Structures are given as C-alpha cells and as structure tokens.
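Respectively, the protein sequence lines represent chains A and B. Going by the numbering used here, the first residue of the first sequence is number 1, and it counts up by one from there. Going by the numbering used here, the first residue of the second sequence is number 1, and it counts up by one from there. No residue lacks a Cβ here, since even glycine has one placed at the ideal position from N, Cα and C. None of these values were measured; they are calculated from a predicted model. The structure appears right after this line, and notes come after that.
Number of protein chains: 2
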Amino acid sequence: MSYFDAASSAPLHPVARQALQASLDEGWADPARLYREGRRARLLLDAAREAAAEAIGCRPDELVFTTSGTRAVHTGIEGTLAGRHRVGRHLIVSAVEHSSVLHSAETHRTRGGTVSEVPVLRTGAVSPDTYAEALRPDTALACLQSANHEVGTEQPVAAVAEACRAAGVPLLVDAAQSLAWGRVEGGWSLLTGSAHKWGGPAGVGLLVVRKGVRYAPQGPADERESGRAPGFENIPGIVAAAASLRAVRAEAAVESARLRELTDRIRARVPELVPDVEVVGDPVHRLPHLLTFSCLYVDGETLLHELDREGFSVSSGSSCTSSTLTPSHVLKAMGVLSEGNVRVSLPLGTTAEDVDRFLDVLPRTVAAVREKLGAPAGAPAVTVVQDGSLVSLVVDTLGKRCPIPVIELAKVITDVPIGGTVRVLSDDEAARLDIPAWCEMRNQEYVGEEPTEGGTAYVVRRRAP
Amino acid sequence: MSYFDAASSAPLHPVARQALQASLDEGWADPARLYREGRRARLLLDAAREAAAEAIGCRPDELVFTTSGTRAVHTGIEGTLAGRHRVGRHLIVSAVEHSSVLHSAETHRTRGGTVSEVPVLRTGAVSPDTYAEALRPDTALACLQSANHEVGTEQPVAAVAEACRAAGVPLLVDAAQSLAWGRVEGGWSLLTGSAHKWGGPAGVGLLVVRKGVRYAPQGPADERESGRAPGFENIPGIVAAAASLRAVRAEAAVESARLRELTDRIRARVPELVPDVEVVGDPVHRLPHLLTFSCLYVDGETLLHELDREGFSVSSGSSCTSSTLTPSHVLKAMGVLSEGNVRVSLPLGTTAEDVDRFLDVLPRTVAAVREKLGAPAGAPAVTVVQDGSLVSLVVDTLGKRCPIPVIELAKVITDVPIGGTVRVLSDDEAARLDIPAWCEMRNQEYVGEEPTEGGTAYVVRRRAP
Chain A
1 MSYFDAASSA PLHPVARQAL QASLDEGWAD PARLYREGRR ARLLLDAARE AAAEAIGCRP
61 DELVFTTSGT RAVHTGIEGT LAGRHRVGRH LIVSAVEHSS VLHSAETHRT RGGTVSEVPV
121 LRTGAVSPDT YAEALRPDTA LACLQSANHE VGTEQPVAAV AEACRAAGVP LLVDAAQSLA
181 WGRVEGGWSL LTGSAHKWGG PAGVGLLVVR KGVRYAPQGP ADERESGRAP GFENIPGIVA
241 AAASLRAVRA EAAVESARLR ELTDRIRARV PELVPDVEVV GDPVHRLPHL LTFSCLYVDG
301 ETLLHELDRE GFSVSSGSSC TSSTLTPSHV LKAMGVLSEG NVRVSLPLGT TAEDVDRFLD
361 VLPRTVAAVR EKLGAPAGAP AVTVVQDGSL VSLVVDTLGK RCPIPVIELA KVITDVPIGG
421 TVRVLSDDEA ARLDIPAWCE MRNQEYVGEE PTEGGTAYVV RRRAP
Chain B
1 MSYFDAASSA PLHPVARQAL QASLDEGWAD PARLYREGRR ARLLLDAARE AAAEAIGCRP
61 DELVFTTSGT RAVHTGIEGT LAGRHRVGRH LIVSAVEHSS VLHSAETHRT RGGTVSEVPV
121 LRTGAVSPDT YAEALRPDTA LACLQSANHE VGTEQPVAAV AEACRAAGVP LLVDAAQSLA
181 WGRVEGGWSL LTGSAHKWGG PAGVGLLVVR KGVRYAPQGP ADERESGRAP GFENIPGIVA
241 AAASLRAVRA EAAVESARLR ELTDRIRARV PELVPDVEVV GDPVHRLPHL LTFSCLYVDG
301 ETLLHELDRE GFSVSSGSSC TSSTLTPSHV LKAMGVLSEG NVRVSLPLGT TAEDVDRFLD
361 VLPRTVAAVR EKLGAPAGAP AVTVVQDGSL VSLVVDTLGK RCPIPVIELA KVITDVPIGG
421 TVRVLSDDEA ARLDIPAWCE MRNQEYVGEE PTEGGTAYVV RRRAP
C-alpha cells in the first residue's frame, strides 16, 4: 500500500505519537488553574508555544494555537478585516488559495466587503507585479499562500510582502503546505498553519499575528489563547504538533532533496510512459514532495478508483471527483487540463521502490480507463453543417460528463478539413476548461464559446499539422 | 495528591486513552477521500457519531462534533439565532449559564439583538414559571444548562422545554456538566457537550440540532460535519470521546451513587467542622460529584493555595481568584456568599479516604487563613457618628479587597447598640454580594447600599440576638 496524498493529511509522525502519549498524563488539566495539575498543563502549553514560534520565526506571544488550519484562516482573516475596517473593506486573495481563504472572502463579500482575486500564470504562481496592482488605499488585508496545495507551485511571498509593506497592507500567508519544509521568508504580517499537514495530529492549527497588526477578535469573548481561539486547549495535541514540527524540520533538508528527486522522476517519466499527459505546476519553484498531472480522455474518478485498487492513494482536481461536479478552481485559474487529474504528494519516508511501482502501474491503469471510455456504447451524435465553403461538424455531448466531450472532439477533428471547425455542445462545466486545454496540447485552434440551447457550444478550428 | 476539580476538566479515562491510541493508526486520513485510508477514517468517524448519538438520545445525523464545548455553544446559538431571525431577535438565557453562553448573548446584544436573563432562586435553579414568563412572540432561542457548573444544581430542563415547546421556541441545553451521568430528558431542541468533562480528550465537543429546528450556519462555508463545524476532523479525539462517553455511562449508576455519598458527607461535615460556612446549591437536585461552600473571613486565593500545598486541587468563585476581581456570576445570581468559596468536584474513582483526608485538612487550613487575615496590621479606620439617638459606626475599607470588608464589619457589629447601624465603605465588587450574605448568615439586618465618595456604603443594622 502506498499513500501518496500527504497534502491532504500526513500520517502521524512517530515523534508526534510519542509526544501525544507522553503528554496525555500531564496535559489534561485546565492551564488557567493555579493548582499543580493546572501549572503542569500550563508549562507544557508554554513550551509548545515557544517551540512552534521558534520553528515559525516569530515571538511566542504572536502565536496562538487554533483547532485547525481552516479555523486559523477564518479567524485570521475575520479578525484583521475587523481590526482594519476603518482603512476600508477591500480584501485581496489569489485565485488559487485554499478553499478556507476563498470561503472567507465569499463571506466578506456577502457582508458588503469587496474582494479582488489576483489571477495566476499558467504555472499557478501569481506575478508580484499583478498582485501589487491589486493593492488599493482601502485594502484592509491581502492573502497569499506560501505554496499551492494542488500543484505545488511556490508563490513569490517575499516580493508580494514587500509590495504590501510599501502599501501599508498586512499580508496573511497560508503556509499550510510548506511549514514542514521551512520558515516562510519575507515580511509577512499573519501566518496560518495546520499540524496534520506536517505529521502532527488533527485538531491543531496555528495563527501568528505580528505585533503591530491591527487585529480585533470577532465572535463571543473567550480568555484562552489571547482571546483569539476560544475553547479549552487541546494540550496533548498541541504538544504533539510542536514536537513533530521540530522533528520534521530536523529532517527537512535531507528529506526534501530526496523527495524532490522522486517527484522529479515522476514528472519526467509520466509523459514518457503515458501518452497525452500534461504535467502542471512550476517545474522548479515548487514543493519538494508534490506534483500534479492530467491525462486526456480519462475519467478522474475511475482513475482514482483503479489506482486505489492497485494500492495507491492519490487525489484529483477533476470535476467528477468533486461534490459540485466542477473542476478544481486551481486548475481552472491556471487554465490547464482538468480531466484525468492526479495529484501525487509523497509523505516523509516514501521509498524509490514505491515510486517505481507507481510508474509501473500508472500507464496500464490509464490505458485501461481510456479503453473503457474510448468506445462509448453509441456513436456520437454528429451533424455535418455546410458553412459556406468550409465544413463544420457539430458534436452533441449534452448530458455527458468529463472526459466524454473531449473524447468525442478528438475522435472527429480529423473528419473536418484543415480550417474547418468542430462545435462541441456540452453542459459539463469541465468542458470550458478542458476543450481549450486540449487545443493547446494538440495544437488546434480554440475559437471560443457560444451559448446554445441546453448548454454551450465550444468551437475548435482544425489547424495544419 | 487529590484532584477535586473534575468540573473544570476530568483526567483522561483509561478507555479514552486506549481508543485514542488505537485510532491514531487509522484515523489520521481525510474521511472525505475515497481511497482506503480515507474510507477507514470515515468508518471510525461514523461509528463514533453513532455511539455518541446513542448516548445522547438523538439521530446520528443530528449530531456534529465540534472542537470544544465552548465552540458548540457559540455555534449552536449563532446558527439558531440566524436561522430564526425572521421570528425575532430575542434570546433567553438563565443568569447562571456557562460563560460561553453568556458571552454569546453579549455578542448577540452588541449586534442589535435583545437578551433576557432569567434570575435564579437561592438554590441556583430557575423557576420554570419565571422562565416561561420570559418567552415572547419574538423569542428566537432559549438556553438553559442541564446542571450548574459551579454549584451542581440541576435545572428543571423538562419543564422549561415543555414551556418552550408550547411557545414554539427551540431550547438549547448546555449539558457539559451532566452528560457523564445520563441523557438529558425532556423535549429540548439543541444540546451541547464537551468531551474533556466526561474523561474524553480535550479538543472535542458536540452539537446536536434536532431535525426541524431552523438552523443557518454562519461564517465561511465548509463541507465538513454537515457544514456546522469547519476544519479537518480530529478523528482519534472523536473516537476517544465517544468511547469514553459509553464507558462512563456504563459506570454511571454505581459511580454516581458512590460519589453522591461522598459529596453528601462533605456537605454535612464541613459546616460541623468549620465555623461560619455556607454550603450552597440545591442539596437534593444536584450533580452527584459536585458541591460548593463558602467560608466567611477567608481569602479564596490563599485558601486554594494552601489546599494545593496540602495536595488538594479545587477551584473557587471568589473574586480574588478571577482575572476581573469580581465574584462568580453564579454566586452573585444566587445571592450567596462568595468569599472563601470552594468548589469540590470529584472525578470518577475518588476514594472515601481522599475525602476524609480533605475533611481533616480543611478545618485547620481555613483556621490558618483566618488567623492570618483576622489580625490586620492596623486597627480599622472606624468613625463613630451620632445619628439622632442611635449610634452609627463608619468602617472605611476603601482599597481593601475581599474578605477584609466583611471581617471589619464582623469585628465592630457588637460595638453598636441593637438598632444601631454600621456603614461599611468599600470599593470591592465582592462586598456587594458578601455583606448581604453575611447579614443573612449572622441574622443581622441588611439595610441597603448608597453611593459614597470613592465607592459604596453598605449599611447594616444590628439586630437583637
């Protein structure tokens, strides 16, 4: 069995387990009490805060423990927007933030605030200049992840922080994906993290608010964690989180180099072994353990299922694997293929043998899925339209889901003469992303989309080979 | 060492520890994922939900796990107020709720809502009739704890729930203190709990929302826990919480009878062993493991400190033990003495020997504290005022903290003739509660209070013995 989804949740680090068990005996009492059990709990909590602060690079009194990374993000954004409401109600996020950031932005919008979403390059990174252009006199807060959770691309945090500092705007960095590997450099103002991403236990996040940031906790008052994280402290969890952060940092230099080699190997070999694959994300400026690729003509859900049967646990940003049947907002913002999408994120200690076995299994798994999908029960509903001197084919895939529209398009493209067009009718949200992506991969011209009865017509013009 | 503060946090139950350790290996993955590690995590989570729901007496899909009891209360109140905002913005709470409820009410007030605080009897219980009178056509939500966390008094939940049901108002029951002992009976609509109060781990609470209650989650969207508790689930903690709830329930009948005997013994013996003590809370309708008493002429902080030195960990609602230097809102609402206040809450398994040792240690500890305080360095600043035919003494204790004002009053009361008055000048918030309480205990007439320069004058008339 190979678990390749560390970016969702990492298995508990042995040090975390050890620290958790050791602190169950001393960490259960209320650290606000003055009797001995309370004092012992307080000592554990203080020591954990110091260790975490040292790993993050902040003062202990700037760091509070929350109950999750999501909660840290929600709280950090809400508190800063409230603390700086006199400056204005403008919030900046990148288009590829974690859903906790985007949902916070959505809440801010419904409460009357304004939000700018900074687009990303095809690598998944924001351009610092584009980000800087979004800064306004009424900007209360800017948010940028340290690295993307779906494609691994590192963001230019230091440069964006510099621009924010020049504009007097605090920058919140969601560092959930990168804290295992090192501190976030640059002059950020707030930082959030999630312990179970670095091998700590679930139920622990952290929120750092630099001294000097105007911050106003929202919601009912609570004295714990400087008034920034209500509820009784989960001290054994917090101790385990801090201990495992130190432990993974001690291994980070060696392990990141080792995992980078393995992910480089996958990035290089997959396009050689599997036809019609797009490896996405920045090839260099990326997390060491994470890579993502998409396979044309493949149903992501089936692929995940088949890989699971072969003993590989991976995740996907394909529309068919989401509850909303829309492709990942990250892939969408990057403008890359979303069908047959696979994210591989290696936990610490992954062996080269595991990776080689994956490279062995993947090609035949993709081939099998393609074979199953490549011969749909009925022939596609194709209509030939004489459009002046040019032939135009209409392929009706209404009611069919990803990857069928792209498969049908690929089947008929050579049926039109060079310069002729294929109109793919589809009501599948993924087609909007995947048909242009297919055109880019296959060197065909994407003309554009038009509304049509019951869906959208995506128009592709055949190019000379 | 005897830990007598289970109402703050109970030591981890052995079953909780076992369940926690067992589920660390299977409960770390994301239960929303479809691969094997995710499916295993989901199975654990589902089983825990079913076990907890069975213990509470609700449907599994009515119960979500939160990150603390406090968070469950905040969320439950906010979500119901939002879901029922068309009915009105009136919220009812009792005066002796946990701070998480009262702080939620305060937040509601600052957002423009109205709040009624139902007073309590001297036992700490609300009267169902008084509670029912607070219900209005615009009442969105009513809150009542199952039992009080400071004095142990059980609330008439079933009767209040009946009145709420008749008025069409949902009742939220904060059951944090009572869930170890059994289900909350009656037709409540929402219920909250906290695992570390029943021997489960910190970091787990629960919120039950009965089908049919209009409920609108607030804050940024999140798919986990039916959209009612954002953030990655702490499955090992949740499994341990559910397992320990079942375990303590299995022992509840025997253990509650046993602990009730021990707490009955303390309630009976303390007034015999220690002069000038008031045992507070309902003597019969109360939690089995919890009792509270207050000692005249004693400084609560010093008493706690001395008991800690003797190996007893207890808590106190005295003003000197709170960060705000005000007495517990519960004791205040009950109108009982707050000085020298001690709450004893026995964890499961407390032995009779521990209790006997406490009864041995307490009298001399109280006596020592009283001796230290009873002879203040200087004589009190007493002024004799000829008030017509009656003598009135003025005792200036401005700047002195609890229990000094009461000590000085007690010293001089026999210096005035029967019918004469003592005016105690004080700027200590506890005096407002403790001087009337002293009068009641000592059969003196409390005349009332008047504002005076730099504080308040509390007027006491000496009665015939």
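How big is the Cα-Cα spacing for residue i and residue j?
i              : j              : result
H74 (chain A)  : A7 (chain A)   : 20 angstroms
A166 (chain B) : V395 (chain B) : 53 angstroms
S226 (chain A) : D434 (chain A) : 47 angstroms
R86 (chain B)  : V169 (chain B) : 13 angstroms
A158 (chain A) : P119 (chain A) : 18 angstroms
W188 (chain B) : R343 (chain B) : 28 angstroms
L81 (chain B)  : N234 (chain A) : 28 angstroms
A175 (chain A) : A161 (chain A) : 14 angstroms
R309 (chain B) : E449 (chain B) : 38 angstroms
V447 (chain B) : A142 (chain B) : 35 angstroms
A243 (chain A) : S104 (chain B) : 34 angstroms
I413 (chain A) : P217 (chain B) : 49 angstroms
E453 (chain A) : V384 (chain A) : 18 angstroms
E54 (chain A)  : Q177 (chain A) : 18 angstroms
L337 (chain B) : R122 (chain B) : 11 angstroms
E255 (chain A) : E353 (chain A) : 16 angstroms
P11 (chain B)  : P347 (chain B) : 8 angstroms
R442 (chain A) : P271 (chain A) : 14 angstroms
Going by alpha carbons, who is nearest to residue i out of the options?
i              : options                        : result
L172 (chain A) : A:L191, A:S178, A:A216         : A:L191
E150 (chain B) : B:H289, B:T383, B:V447, B:C295 : B:H289
L102 (chain A) : A:H329, A:W438, A:G281         : A:H329
D25 (chain B)  : B:A32, B:R33, B:H13, B:G38     : B:G38
V277 (chain B) : B:P436, B:I418, B:S294         : B:S294
P275 (chain B) : B:D264, B:D46, B:P363          : B:P363
S319 (chain A) : A:T130, A:E408, A:D427, A:L359 : A:D427
Y458 (chain B) : B:I77, B:P436, B:E440, B:G79   : B:P436
E466 (chain B) : B:N148, B:G374, B:S345, B:F4   : No answer is possible for residue 466 (chain B): it lies beyond the span of chain B, which begins at 1 and ends at 465.
Q386 (chain A) : A:P417, A:A47, A:G212          : A:P417
Is the beta carbon of residue i sitting closer than 8 angstroms to the one on residue j?
i              : j              : result
A410 (chain A) : Y297 (chain A) : yes
A253 (chain A) : A195 (chain A) : no
G335 (chain A) : S316 (chain A) : no
I154 (chain B) : D61 (chain B)  : Reading off the sequence shown, one finds Glu at residue 154 (chain B), where the question assumed Ile. Going by C-beta atoms, E154 (chain B) is not nearer than 8 angstroms to D61 (chain B).
G340 (chain B) : P403 (chain B) : yes
V239 (chain A) : W198 (chain A) : no
R89 (chain A)  : G112 (chain A) : yes
T365 (chain A) : L307 (chain A) : yes
T70 (chain A)  : F65 (chain B)  : no
T107 (chain B) : P220 (chain A) : yes
P236 (chain B) : A16 (chain B)  : no
Q18 (chain A)  : Q21 (chain B)  : no
R246 (chain B) : C58 (chain B)  : no
S146 (chain A) : V184 (chain A) : yes
A163 (chain B) : A132 (chain B) : yes
E50 (chain B)  : S323 (chain A) : no
T421 (chain B) : R370 (chain B) : no
L477 (chain A) : I266 (chain A) : With chain A covering only 1 through 465, there is no way to say anything about residue 477 (chain A).
R40 (chain A)  : D5 (chain B)   : no
If contacts are defined as beta-carbon pairs under 8 angstroms, then residue i and residue j qualify, I think. What distance do you get, rounded to the angstrom?
i              : j              : result
A29 (chain A)  : L206 (chain A) : At roughly 22 angstroms, the Cβ-Cβ gap does not stay under 8 angstroms, so A29 (chain A) and L206 (chain A) are not in contact.
Q444 (chain B) : R463 (chain B) : 5 angstroms
L259 (chain A) : L359 (chain A) : So it is not a contact: roughly 15 angstroms between Cβ atoms.
I92 (chain A)  : T139 (chain A) : 6 angstroms
V406 (chain B) : L393 (chain B) : Between L393 (chain B) and V406 (chain B) the Cβ distance is about 15 angstroms, and since that is not below 8 angstroms, they are no contact.
V208 (chain B) : L63 (chain B)  : 5 angstroms
G83 (chain A)  : R214 (chain A) : 4 angstroms
G419 (chain B) : R286 (chain B) : 39 angstroms between Cβ atoms; not a contact.
G193 (chain A) : S2 (chain A)   : Between S2 (chain A) and G193 (chain A) the Cβ distance is about 26 angstroms, and since that is not below 8 angstroms, they are no contact.
>> So if I threshold CB-CB distances at 8 angstroms, which residues from the stretch 234-252 of chain B count as touching chain C?
In response: Absence of chain C from the displayed structure is noted, the protein chains being A and B.
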